[in-house]
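This report concerns only the one structure given below.
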Amino acid sequence: MSARAETIALHEGPLRLLWRTIPGRIGLVLVLFFVAMAVTAPVLSPFDPLANDWMAVLQPPSRAHPLGTDELGRDVLSRLLWGAQSPLVAAFGSVAVALAVGVPLGMLAGYAGGAVDAVISRLTDTLLAIPGIMLAIALALFLGGSLFNATLAISVAAIPAFIRLSRARTLQVMAEPYVEAARSVGVRTVRLLFVHVFPNLVPPIIVQATLAMAVAVIAEASLSFLGLGRPPPAPSWGSMLTVGKDYIANAPWLSIWPGLCIFLVTVGFSLLGDGLRQSLDRR
Amino acid sequence: MGVLGKIGSILATLFLLSVVVFSLQLLLPGDPATVLAGEDRSPETIAAIRERFGLDQPLPVQYVRWLGNAVQGDLGISMRFNQPVVALVLSKLPVTFQLATMALVIAILLGVTAGVFAAVYRGTAVDQTLTIVSVAGFSIPNFWLGILMIMVVSVQWGLLPPSGYVSPLVDPWQSFRAMIMPAFVLGSGLAAILMRHTRSAMIEALGTDYVRTALAKGIPRRRIILRHALRNALVPVITLGALEFGQLLGGSILTEYVFSVPGIGKLLVDSVYNRDYPVVQAVVLCSGAIYIALNLLADLAHAALDPRVRGGAA
Numbered sequence: 084m085s086a087r088a089e090t091i092a093l094h095e096g097p098l099r100l101l102w103r104t105i106p107g108r109i110g111l112v113l114v115l116f117f118v119a120m121a122v123t124a125p126v127l128s129p130f131d132p133l134a135n136d137w138m139a140v141l142q143p144p145s146r147a148h149p150l151g152t153d154e155l156g157r158d159v160l161s162r163l164l165w166g167a168q169s170p171l172v173a174a175f176g177s178v179a180v181a182l183a184v185g186v187p188l189g190m191l192a193g194y195a196g197g198a199v200d201a202v203i204s205r206l207t208d209t210l211l212a213i214p215g216i217m218l219a220i221a222l223a224l225f226l227g228g229s230l231f232n233a234t235l236a237i238s239v240a241a242i243p244a245f246i247r248l249s250r251a252r253t254l255q256v257m258a259e260p261y262v263e264a265a266r267s268v269g270v271r272t273v274r275l276l277f278v279h280v281f282p283n284l285v286p287p288i289i290v291q292a293t294l295a296m297a298v299a300v301i302a303e304a305s306l307s308f309l310g311l312g313r314p315p316p317a318p319s320w321g322s323m324l325t326v327g328k329d330y331i332a333n334a335p336w337l338s339i340w341p342g343l344c345i346f347l348v349t350v351g352f353s354l355l356g357d358g359l360r361q362s363l364d365r366r
Numbered sequence: 434m435g436v437l438g439k440i441g442s443i444l445a446t447l448f449l450l451s452v453v454v455f456s457l458q459l460l461l462p463g464d465p466a467t468v469l470a471g472e473d474r475s476p477e478t479i480a481a482i483r484e485r486f487g488l489d490q491p492l493p494v495q496y497v498r499w500l501g502n503a504v505q506g507d508l509g510i511s512m513r514f515n516q517p518v519v520a521l522v523l524s525k526l527p528v529t530f531q532l533a534t535m536a537l538v539i540a541i542l543l544g545v546t547a548g549v550f551a552a553v554y555r556g557t558a559v560d561q562t563l564t565i566v567s568v569a570g571f572s573i574p575n576f577w578l579g580i581l582m583i584m585v586v587s588v589q590w591g592l593l594p595p596s597g598y599v600s601p602l603v604d605p606w607q608s609f610r611a612m613i614m615p616a617f618v619l620g621s622g623l624a625a626i627l628m629r630h631t632r633s634a635m636i637e638a639l640g641t642d643y644v645r646t647a648l649a650k651g652i653p654r655r656r657i658i659l660r661h662a663l664r665n666a667l668v669p670v671i672t673l674g675a676l677e678f679g680q681l682l683g684g685s686i687l688t689e690y691v692f693s694v695p696g697i698g699k700l701l702v703d704s705v706y707n708r709d710y711p712v713v714q715a716v717v718l719c720s721g722a723i724y725i726a727l728n729l730l731a732d733l734a735h736a737a738l739d740p741r742v743r744g745g746a747a
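Heads up: the protein sequence lines correspond to chains A and B, in order.
Each residue of the first sequence is one higher than the one before, starting from 84 at the first, in the working numbering.
Each residue of the second sequence is one higher than the one before, starting from 434 at the first, in the working numbering.
See below:
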């Protein structure tokens with residue numbers, strides 16, 4: 084399917100396109116479920132996620148605590164609900180930054196060519212040479228552990244993929260006759276890039292963005308797992324797993340629920356990407 | 434791209450990699466000498482670090498000095514182990530290499546087999562189930578899968594050791610038993626990716642004229658799938674697998690940590706916990722250089738296999 088046809092397909096509305104495929108539907112439902120969970124945590128949470136209860140340490144699931152309690156007697160369900168905020172903030176935040184930096188750089192490399200392209204492409208190769216999660220860990224360590232820094236670190240690791248995609252797509256679109264026509268009637272470079280080229284970059288970029296969000300959720304959980312995310316005692320799924328790891332034998336519920344949530348959000352974003360790609364391919 | 438162009442591009446990437454790794458220390462909040470001194474913050478130590486890294490010099494001078502040392506294999510001293518970081522990283526590399534190789538073999542075996550089945554039974558329940566499993570394999574965090582496997586395989590069933598490492602040179606069987614679970618965890622994500630690629634490559638191969646001709650000649654289906662279609666479908670899949678080997682180094686970080694495998698991944702995590710910055714820089718630099726070298730090897734292998742690439746046509 085051509086770049087133009089995909090762009091036209093997207094005009095139908097991304098939600099309608101997503102709903103057409105089964106992976107898209109499941110992905111949308113999963114992601115919306117966890118977004119709702121993060122937003123409504125203050126209302127739905129049965130306990131204060133930070134409140135220690137020394138009389139209820141490491142309790143298995145019960146009526147009072149449906150998902151049990153942790154090593155400080157904190158309610159796991161409440162921490163799980165509040166913990167949905169970090170991965171989602173990291174996913175949306177890091178992809179927004181990666182888009183804002185990666186897409187213009189990729190378009191510039193594709194349009195300008197020559198030395199500009201060479202410099203941007205070598206920088207992209209360099210960042211791609213370092214495994215994404217390793218780069219994120221190193222950056223988060225040197226910047227200092229916080230959700231903001233973790234999001235920034237994840238975004239740096241996500242940028243190269245957007246540069247490559249935008250560059251390749253820009254090269255493809257620049258060869259189209261309508262771009263040639265626009266150029267020949269004297270359309271200025273900035274206008275050419277943003278009005279004629281950019282709209283045709285949107286469909287593959289949206290697919291890449293949803294897949295990057297899936298990776299970002301795992302990256303945020305990994306950084307929190309290593310103590311490089313939101314600092315304790317704030318709840319995050321990754322740091323809940325760090326505690327769970329020490330109680331594998333006698334309190335498995337501490338590991339099961341946060342891991343399951345990370346898994347389901349990641350599945351949600353992956354299926355969202357798959358669904359969108361399938362809908363765009365099918366047309 | 435010609436040979437000279439390729440070498441130039443690799444050198445440029447290595448140069449930029451060194452700039453990125455060097456720049457990491459610029460991100461440190463506050464005075465880097467104080468942070469690098471760790472717990473020993475005596476004025477003498479801080480002055481020695483400032484002198485050693487030339488922190489009172491302009492940045493380009495600092496970089497050239499750092500690069501000069503790096504080229505000679507000196508990336509500093511580990512603050513925790515008090516030994517040269519390069520020696521430390523090199524001593525851990527064989528363990529990670531063993532883990533990543535086992536993970537790659539598992540990923541290829543599982544991914545390619547599942548991909549062939551999904552393609553042969555395209556559109557059936559087998560295909561759909563395998564596709565769902567591949568989405569799960571791609572989405573499951575390594576460290577959670579590791580924790581779950583320890584919970585079930587080691588704690589519940591008592592089949593395999595939950596952690597630890599035995600060198601294959603000391604006891605190959607125990608080494609295999611200790612590494613098989615972490616290797617499976619590390620390889621699962623890659624298996625999912627390989628499955629998807631094998632599936633689409635096989636579907637394409639099964640629709641080609643030579644497969645149709647072979648079918649018309651009455652050659653058994655199993656033989657066509659294995660000897661004709663799979664052989665062609667495997668080339669891009671194996672290339673992808675080789676390239677992903679570098680990414681396995683990234684995946685090994687948390688896997689090694691969960692299973693206490695003493696490779697560079699666990700070294701990185703321990704260094705993160707101990708704020709051992711020079712080790713983290715060395716691990717990042719080393720991983721990047723390995724990835725660049727693997728890329729070059731993949732290119733060379735591709736050129737050796739495919740004459741079209743050699744002339745610069747592709």
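Don't be surprised by glycine CBs; every beta carbon is placed ideally from N, CA and C.
Bounding residues of the alpha helix (DSSP H) (the contiguous stretch that carries residue i)
i: GLU263 of chain A; result: 260 to 267
i: PRO143 of chain A; result: Unbroken run through PRO143 of chain A: none, as it is neither H nor E.
i: PRO97 of chain A; result: 97 to 102
i: GLU637 of chain B; result: 605 to 639
i: GLY156 of chain A; result: Counting along the chain, GLY156 of chain A falls outside any alpha helix (DSSP H), and DSSP gives it neither H nor E.
i: GLU303 of chain A; result: 285 to 308
i: ALA174 of chain A; result: 168 to 195
i: ALA240 of chain A; result: 230 to 257
i: ALA223 of chain A; result: 215 to 226
i: ILE331 of chain A; result: Note, ILE331 of chain A: premise wrong, no alpha helix (DSSP H); not H, not E.
i: GLY438 of chain B; result: 436 to 457
i: GLY107 of chain A; result: 105 to 127
i: GLY570 of chain B; result: 558 to 572
Any C-beta of chain A under 7 Å from that of residue i
i: GLY438 of chain B; result: no
i: TRP499 of chain B; result: no
i: THR672 of chain B; result: no
i: PHE530 of chain B; result: no
i: GLY745 of chain B; result: Below a pLDDT of 50, predicted positions are generally treated as unreliable, and GLY745 of chain B, at 48, falls in that range; the measurement from the model is reported next regardless. So no, GLY745 of chain B is outside the interface.
i: ILE573 of chain B; result: yes
i: LEU457 of chain B; result: yes
i: TRP577 of chain B; result: yes
i: GLY441 of chain B; result: no
i: SER608 of chain B; result: no
i: GLY721 of chain B; result: yes
i: LEU730 of chain B; result: no
i: LEU619 of chain B; result: no
CB contact below 7 Å: residue i versus chain B
i: THR253 of chain A; result: no
i: PHE117 of chain A; result: no
i: SER307 of chain A; result: no
i: VAL326 of chain A; result: no
i: ILE237 of chain A; result: no
i: SER177 of chain A; result: no
i: THR379 of chain A; result: Outside the shown range of chain A (84 to 366) lies residue 379 of chain A, about which nothing can therefore be said.
i: PHE130 of chain A; result: no
i: GLN141 of chain A; result: Gln is not the amino acid found at residue 141 of chain A; the sequence shown has Leu there. False, the Cβ-Cβ gap to chain B never drops below 7 Å.
Interface partners of residue i on chain B, CB under 7 Å
i: ALA173 of chain A; result: Neighbours of ALA173 of chain A on chain B: none; closest Cβ ~14 Å, over 7 Å.
i: LEU206 of chain A; result: LEU449
i: ALA332 of chain A; result: VAL588
i: PRO335 of chain A; result: MET584
Beta carbon of residue i nearer than 7 Å to that of residue j
i: SER511 of chain B; j: LEU521 of chain B; result: yes
i: GLY579 of chain B; j: VAL691 of chain B; result: yes
i: ARG632 of chain B; j: GLY548 of chain B; result: yes
i: LEU41 of chain A; j: ALA334 of chain A; result: With chain A running from 84 to 366 in the structure shown, residue 41 of chain A is simply not present.
i: LEU111 of chain A; j: MET190 of chain A; result: no
Chain-ordered neighbours of residue i on chain A, where CB pairs are closer than 9 Å
i: TYR724 of chain B; result: LEU211, ALA212, ILE213, PRO214
Where residue i meets chain A, residues with beta-carbon distance less than 7 Å
i: PRO462 of chain B; result: GLY227
i: ALA445 of chain B; result: ARG205
i: VAL518 of chain B; result: Ordered by position in chain A, no residue passes the 7 Å Cβ test against VAL518 of chain B, which lies about 14 Å from the chain.
Contacts that residue i makes with chain C (C-beta to C-beta distance below 8 Å)
i: GLY679 of chain B; result: Absence of chain C from the displayed structure is noted, the protein chains being A and B.
Neighbouring residues, chain B, relative to residue i (Cβ below 9 Å)
i: LEU311 of chain A; result: VAL705
Residue i - partner residues in DSSP beta bridges
i: ILE510 of chain B; result: B:PRO517
Where residue i meets chain B, residues with beta-carbon distance less than 8 Å
i: ALA233 of chain A; result: Under the 8 Å cutoff, chain B gives no residues; its nearest Cβ is about 13 Å from ALA233 of chain A.
i: PHE346 of chain A; result: ALA569, SER572, ILE573, PRO574, TRP577
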